[in-house]
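Mapping the sequence shown onto the UniProt record's numbering, position 247 (from 1) lands on 247, and the numbers just tick up by one. Comments concern the structure below.
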Amino acid sequence: MAVAMAACSLGLHLTTADNSFSIRPLDKTISIAKTCYILHKTRWSSSRITIIRRATPLTDVMKEDGNQGDADAIVPTPIVIIDQDSDPDATVVEITFGDRLGALLDTMNALKNLGLNVVKANVFLDSSGKHNRFSITKADTGRKVEEAELLEAIRLTIINNLIQYHPESSAQLALGAAFGLVPPKEQVDVDIATHITISDDGPARSLLYVETADRPGLLVDLVKIITDINIAVESGEFDTEGLLAKAKFHVSYKDKAIIKPLQQVLANSLRYYLRRPSTEEASF
1 MAVAMAACSL GLHLTTADNS FSIRPLDKTI SIAKTCYILH KTRWSSSRIT IIRRATPLTD
61 VMKEDGNQGD ADAIVPTPIV IIDQDSDPDA TVVEITFGDR LGALLDTMNA LKNLGLNVVK
121 ANVFLDSSGK HNRFSITKAD TGRKVEEAEL LEAIRLTIIN NLIQYHPESS AQLALGAAFG
181 LVPPKEQVDV DIATHITISD DGPARSLLYV ETADRPGLLV DLVKIITDIN IAVESGEFDT
241 EGLLAKAKFH VSYKDKAIIK PLQQVLANSL RYYLRRPSTE EASF
């Protein structure tokens, strides 16, 4: 794949105190495919990432007039997972797109341009398709990626490369509205409900689950909202499944599980930002 990111300038500064995160003012931007996203500066102590391999262009699915035709019936849902839990030494990225992904060499080159090393890669098959999994570290430190801004840059780079090589998938991704030839048919901000649940995960931490419509910068914004109320994000997983984003965070307050009143504050803060309808009674 051709390198999808036109420019990436990251000032990844962070300060921590008492397991809390301090967000500094913005001074850098990430620019992808002539679209610029302003990202806040935070540090995510542990995260999970999924990466995609090289794809072969399948533009024959598109009609000459640029319409999608019957592509919806045959195009699998692209999935990108960022995993910070499974490997203590590396960020794991997994990419699934049916059987359409190839070697993803250009995607790996694009990740190297972000200052990352791919230290391990493997492919496995199951009933959901071909999974391409990479373990990546920062080139300057040899450690896993901890900054939410850089994790989001990885996610956007992968999705942009996927759309460049598989334009027929753009209607199935929220970011297809920005990068793709065919925008999503659904109004992402309206049609996808937001669900938020918080539960205890032992005495020292809680499990926060957020399901909502995807958008550029979502991962960074979620982490910022959480840390702005002095809740620490210990680890987690961020999944992009077509138009839907699913985030799972292990969180704590002063090294303890979050009590019910603070859970309500956190859920209300997230809901205020996301501003999506919630359809489940179990959701806050």
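Note that CB positions come from ideal geometry on N, CA and C, so glycine has one too.
As a beta-bridge residue in DSSP terms, K246 pairs with E211, D239.
Collapsing the DSSP output to three states places N113 in coil.
Under the Cβ criterion (8 Å, minimum of three pairs), the region 147-161 counts as touching the region 108-117. Its Cα nearest to that of S235, the residue A247 stands out among A247, I229, I225. Across the set D214, A257, D228, K260, the C-alpha of D214 shows the shortest separation from the C-alpha of G242.
In the DSSP assignment, K260 falls within the alpha helix (DSSP H) that extends over 260-274.
Between the alpha carbons of E146 and L219 lies a distance of about 13 Å. Where E94 is concerned, the enclosing beta strand (DSSP E) starts and stops at 91-96. Between L208 and the set I81, L262, P216, the nearest pair of CA atoms involves L262.
Each residue's CA atom was taken as its position, placing A204 and S135 some 28 Å apart. A straight line joining the alpha-carbon of V92 with that of V123 spans about 13 Å. Contact between I198 and S206 holds: their C-beta atoms lie close to 6 Å from each other, under 8 Å. Assignment of beta-bridge partners to H131 by DSSP yields T96, F124.
Put simply, the region 163-173 does not touch the region 249-261. Fewer than three CB pairs are less than 8 Å apart. Ranked by how close their Cα comes to the Cα of G129, the residues I95, G142, L105, I158 have I95 in first place. From the listed residues D201, D89, P88, A121, the smallest Cα separation to L104 is found for A121. The three-state secondary structure of K256, taken from DSSP, is strand. According to the DSSP assignment, I81 belongs to the beta strand (DSSP E) that extends over 79-83.
DSSP places D221 in the uninterrupted alpha helix (DSSP H) bounded by 218-228. At a Cβ-Cβ threshold of 9 Å, D106 and K144 do not count as neighbours.
Membership of T197 in the beta strand (DSSP E) is indicated by the continuous run 195-200. With distances taken between CA atoms, Y272 lies nearest to I226 out of I226, V118, N161.
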